[in-house]
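Notes for the one structure printed next.
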Amino acid sequence: MAADLLFQKITQDCLVPATAEAREWMRTLKLMGFVKMPLIKERSGENHRRFFALLNIGFDHWEPQPIEYQGRVITPEKNFDEFRAWVTVLSGFYTVTGYPDGSVRIRAKSIKFSKMDESEFSQLFNAAVDVLLKHVMTNYERPDLERAILEFSR
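Structure, rendered in structure tokens:
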């Protein structure tokens, strides 16, 4: 069975199922049976919440400016998913896909728990703070933004 199941450490030597799906899977095992599986330390949910607090603060702070497009002045629509992708790419976390015509497409790297470990996620968080301070929240200092993140994520 190939699945991503979540277990929680409750004592020094004991892991228990942390989700209903994991509990159901455990019921299929024979007592004293063995299981071989790759182990991945789960990323911090608290840091994930802090990252989204950072993004929400930046998104709330940003106001799109009117631009000229095809001879008309338009104001771009705010879109949180696009904003998150923009911050992620400018933070240096992206993939580049090439096409037969020589063009490329840059896409934000996935921040899913299963796709990015804690170390890489921490690097993304720090780089995202820098990106937002440089491009969006130019009137903030890093300590001010960190305080705002703590307030927002409570």
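If you want the working numbering, it's the position in the sequence shown, counting the first as 1, plus 8.
Yeah, the Cβ is synthetic: ideal placement off N, Cα and C, and Gly gets one too.
- Using a Cβ distance threshold of 8 Å, VAL144 and LEU62 do not count as a contacting pair.
- The continuous beta strand (DSSP E) containing PHE15 extends over residues 15-19.
- Beta-carbon to beta-carbon, VAL104 and ILE114 are separated by about 5 Å, close enough to satisfy the 8 Å threshold.
- Runs of the beta strand (DSSP E) spanning 3 or more residues and lying entirely within the segment 76-161 occur at 80-82, 102-106 and 112-116, in chain order.
- Here GLY53 is exposed. Its C-beta has fewer than 16 other C-beta atoms within 10 Å.
- The three-state reading of DSSP puts LEU23 in strand, counting E and B together.
- Note on geometry: alpha-carbon atoms of PHE101 and ALA116 lie some 6 Å from one another.
- When DSSP states are grouped into helix, strand and coil, TRP33 belongs to the helix group.
- ARG58: member of the alpha helix (DSSP H) spanning 53-69, first to last residue.
- In this structure, ARG58 lies near SER161, with their beta-carbon atoms less than 8 Å apart.
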